[in-house]
Amino acid sequence: MDYNFKEIEQKWQEKWVERKTYRVVEDSDRRKFYVLNMFPYPSGAGLHVGHPLGYIASDIYARYKRLQGFNVLNPMGYDAYGLPAEQYAIQTGQHPAITTETNIARYREQLDKIGFCFDWDREIRTCDPKYYHWTQWAFQKMFNSFFDKNLNKAMPIEDLISHLEAKGTEGLNVAQSDDTISFTAEEWKKMDERQQSDTLMNYRIAYKGETMVNWCAGLGTVLANDEVVDGVSERGGFPVVQKKMSQWCLRVSAYAQRLLQGLDTVEWSDSITETQKNWIGRSEGTEMEFKIQNSESAITIFTTRADTIFGVTFMVLAPESDYVKEVTTDGQKAEVENYLEYVKKRTEIDRMSDHRVTGVFTGSYAINPFTGEPIPIWVSEYVLSGYGTGAIMAVPAHDSRDYAFAKHFGLPIIPLIEGVDVSEESFDAKEGTVTNSPKEGKDSFKNFSLNGLTVKEAIEATKKFVADEGIGRMKVNYRLRDATFSRQRYWGEPFPVYYDNGIPRMIPEECLPIELPEIREYKPTENGEPPLGRAEKWAWDTEKREVVENDKINERTVFPLDLYTMPGFAGSSAYYLRYMDPHNDHELVSRSAAEYWRHVDLYVGGTEHATGHLIYSRFWNKFLYDLGVICEEEPFQKLINQGMIQGRSNFVYRVEELSTTEKPVFVSYNLRGNYKEVTPIHVWVNLVKNDVLDVEEFRNWRPEYQNAEFILEDGKYICGWAVEKMSKSMYNVVNPDDIIRDYGADTLRLYEMFLGPVEASKPWDTNGIDGCFRFLRKFWNLFFNNRTGEALADDSKPTAESLKSVHKLIKKVTKDIEDFSYNTSISAFMICVNELGQQKCHSRELLQLLVVLISPFAPHIAEELWERLGQEGSVFDAQWPTWNEDYLVENEVQMTVSFNGKARFQKTFAADADKQTIEKQTLDDDRTAKYTDGKHVVKVIVVPGKIINIVVK
């Protein structure tokens, strides 16, 4: 009976649906395990073979945990909002919902063919109003909350208002946008409603504020940093500039310390943990004021090296700093404005990664508070507005970027530490002895000296002195910034906000969700409003409590709704919680479901989400934890980042001196050196098998190749190849449907795991997939005679040799799955199957164990064999086998026999054989006579279990 994978896989995919094999319900009698994949954005191109890599890895683990007796939640859904669908809608006029639905159907079809154990009853889509109901709800909760630093958690905004009414800002210790704001209770009470609303924006966790954004006029929207490449939009290639806009923001920065501390409680790789820590960027330092010369104003800076203040030779402002306008003199105004225009076209990522030296002098000076000397104030793009105060004191002798700037513009460089060579290009903080002390004549500082102190001692001494003298304060700073939470797009979650004469107010919670309205065009309006500005029915009637037509707006009972939509990460920040209780219309997740599933035990996804998504979802989770909605502060306990499957591209070689437009000539790979000018051209990989081109299919592929001629080698056209990113432009995208059609889903699953470690990037090579397919046929043939179809499994007692082979496999696969070393598991399967075949093992007892072991990797063939072995139900209701160490005891050992140090043959001995026994058996071996014939054995060296060396003359 041959292995008919097509019939088997179709049969079991239908049975899984019919039997609801993978449906999961909460069961307090079973241990839970929550496996989650970073859900996909469904593009029109569908899946290529690189996309399922992480899904297969997590699916194997989910099935394994189920076989261990866990109640496994393994859901799937779709990150369905996004710019691609909206751009397609702009180009074609087709509603994004239609293209999204089509793309989802395509993804679902492909995912089902691969045989995942997803519980599709829990499917979510971020564009479904039943889902984004809870995104809107969470946003409103954030709007109505502030972060109390004393309690280190979010609290109701009403508590803050009560404090302001009683004490004003006195004694207030909260997260805020501007900590210089100060007023009394009386002043608060005198504010009108609009003033109080604006003031509370300084404290709300979801607030509206002026922020610098990546503005793309061509797309009519703000873009995230990862959507901008080399100053243009990733989609469409439109110019992107820095622009200050009023945006909804989330006060992620309030949770910086908790986000940092939470990393100590999760099982993530060192690289991802370090990336998160760097993104959060905690630093302890000093905030100080530098007075502006001939002005009452001062510039506040933050530094971690207050002791270097004696080496300050200039100051630098971020181009976005409010100080720039204040300090720019009339004589420098034109030059500064030109520079600011240049910087607008540079994203922050460009400025951080491209260390070009640019800047402009403002014409003004600041006063060094320690030395009293004036220092010039410059503007440069290497200073970012979001970190610290957006202004720095530059110490070029001890900072590489300050040094490069000083050298470029001819500014002074003053070393502070003994032995520092200021001609070097890099000046990281070095341990040494501080030699500078304040200049004479400054009475306030004449008794303050850093002479002879180490760097650490000097930092602490300076921080204390600054605080004692009232010229600054000690402060903990974070690089992490608040998240911009607005997009000027159509295809996204609408904000549940209306504007009462300019005051933002929340739609009543019981009226949620506010659904996305219909519009005729999906681009911004002619006067620059976001696409929702085109909606004709987009106003809120406070009496009817419903969305009504815009022409009914009267600013008394009917008000305009917010025209922005939420960004992509809005829908992906808490989706893992919704999977716990996806059909609950009354709350995001019930307390009972939250207490049962608690958190994601295994999260699998790409490293591209190492910062943004993980930071935002952890922040969202912590906020909901503060509200008491959930019971775990960290959402993802263990994180695995799958690597990338790269494409294996193929090339044909056009011979330029022989080619014409009508008749191109292509030379085979190994003959290309015979011609002067040869141009490699990507060719569609489906036209190539084992690097041999199907020349007729190539001629039919594109019109310009219809009359192509080929210079062959041995009657074949051999293509060149290279490993590149899988891309349609390189014609190296491999559709998993084609692999499944030709080899089956189980072969695809095995091969993707066999390519290498889950977390490593590796090239796809269709040429190698035959090996996995042959293995599955060999596996099948352990159970059936492939000529007669006879079932081979019997009730015979397994031999010690077979027991050893299978139990060795159980131990190996169990450990490998726990370590995500699936590639070595598959190698172990191949070895074991070969051994059992040689041993002619037909023991039903062992073959059943083998089926259970392979089921996470190749579920279809496992289900079929389980049924044919006479078992009822699914193989995934079986129990994961355990190994018996007694069967693994080595009774024999193989050793190499050498003569005069040269290895000649292998010989097997009893594991407990002593030296004398080994020597005697070796000398008695017929093969020994061949190497000792006519010679004298001088001595025999034996190291049991390792070597035998016979010295002869």
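Going by full-length UniProt numbering, 896 is the number at position 896 of the sequence shown; the sequence numbering is gapless. Cβ coordinates follow ideal geometry from the N, Cα and C atoms, glycine included.
Helix, strand or coil at residue i according to DSSP, with G and I counted as helix
| i | result |
| --- | --- |
| GLY756 | coil |
| ASP148 | strand |
| ARG31 | coil |
| LEU36 | strand |
| VAL357 | coil |
| GLU818 | helix |
| ASP601 | strand |
| ASP581 | coil |
| GLU709 | strand |
| SER58 | helix |
| PRO531 | helix |
| PHE784 | strand |
| PHE485 | coil |
| LYS439 | The pLDDT assigned to LYS439 is 46, lower than 50, so where the model puts this residue is not dependable, and the model offers no usable value. |
| ARG868 | helix |
| CYS249 | strand |
Nearest-angstrom Cβ-Cβ length linking residue i and residue j, presumed shorter than 8 Å
| i | j | result |
| --- | --- | --- |
| LEU588 | VAL629 | 6 Å |
| ILE810 | ILE60 | Not really, about 16 Å apart at Cβ, beyond 8 Å. |
| VAL678 | TYR653 | 5 Å |
| THR896 | ILE941 | 12 Å between Cβ atoms; not a contact. |
| SER321 | SER385 | 6 Å |
| GLY756 | ASN823 | 6 Å |
Cβ-Cβ distance between residue i and residue j below 8 Å
| i | j | result |
| --- | --- | --- |
| TYR132 | VAL174 | no |
| ARG844 | ASP914 | no |
| ALA318 | GLY410 | no |
| GLY285 | LYS475 | yes |
| PHE784 | MET1 | yes |
| ILE503 | GLU193 | yes |
| VAL497 | ARG505 | yes |
| MET191 | MET315 | no |
| VAL241 | GLU234 | no |
| PRO374 | ILE367 | yes |
| TRP721 | ARG648 | yes |
| THR329 | GLY359 | no |
Residue i versus residue j - alpha carbon distance
| i | j | result |
| --- | --- | --- |
| GLU440 | GLY231 | Because the pLDDT of GLU440 is 43, which lies under 50, any placement of that residue in the model is unreliable, and the number read from its coordinates should be weighed accordingly. Approximately 50 Å, taken between the alpha carbons. |
| ASP926 | GLU890 | 26 Å |
| LEU512 | ALA594 | 22 Å |
| ASP626 | PHE485 | 21 Å |
| SER827 | TYR22 | 28 Å |
| ALA574 | SER617 | 6 Å |
| TYR382 | LEU260 | 26 Å |
| PRO798 | ARG904 | 35 Å |
| ASP428 | SER283 | Note on ASP428: pLDDT 46, under 50, position unreliable in the model; the coordinate value appears next. C-alpha separation (whole angstroms): 15 Å. |
| LEU923 | MET753 | 47 Å |
| ILE28 | GLN140 | Contrary to the premise, residue 28 reads as Ser rather than Ile in this sequence. Between SER28 and GLN140, the C-alpha separation is close to 33 Å. |
| ASP121 | PRO531 | 34 Å |
| GLY643 | PRO40 | 16 Å |
| PHE876 | THR747 | 19 Å |
| LYS65 | TYR743 | 27 Å |
| PHE779 | TYR3 | 9 Å |
| ARG351 | PRO517 | 39 Å |
N-terminal and C-terminal residue of the beta strand (DSSP E) that residue i is part of
| i | result |
| --- | --- |
| LEU172 | Careful: LEU172 lies outside any beta strand (DSSP E) and carries neither H nor E. |
| ILE104 | No beta strand (DSSP E) contains ILE104, which is instead part of the alpha helix (DSSP H) from 96-114. |
| ASN214 | 206-216 |
| LEU384 | Segment: none, LEU384 is in no beta strand (DSSP E) and carries neither H nor E. |
| VAL476 | 472-478 |
Residue i: first and last residue of the uninterrupted alpha helix (DSSP H) it sits in
| i | result |
| --- | --- |
| PRO680 | It is not in any alpha helix (DSSP H) - PRO680 instead sits in the beta strand (DSSP E) that spans 678-683. |
| ILE299 | From DSSP, ILE299 is part of no alpha helix (DSSP H) but of the beta strand (DSSP E) over 298-303. |
| ALA458 | 455-469 |
| ASN884 | No alpha helix (DSSP H) contains ASN884, which DSSP labels as neither H nor E. |
| ILE8 | 5-19 |
| PHE70 | PHE70 -> no alpha helix (DSSP H), and no H or E assigned at all. |
| ALA334 | 333-344 |
| ASP198 | 193-200 |
| LEU324 | Note that residue 324 is Val in the sequence shown here, rather than Leu. Segment 323-327, the alpha helix (DSSP H) holding VAL324. |
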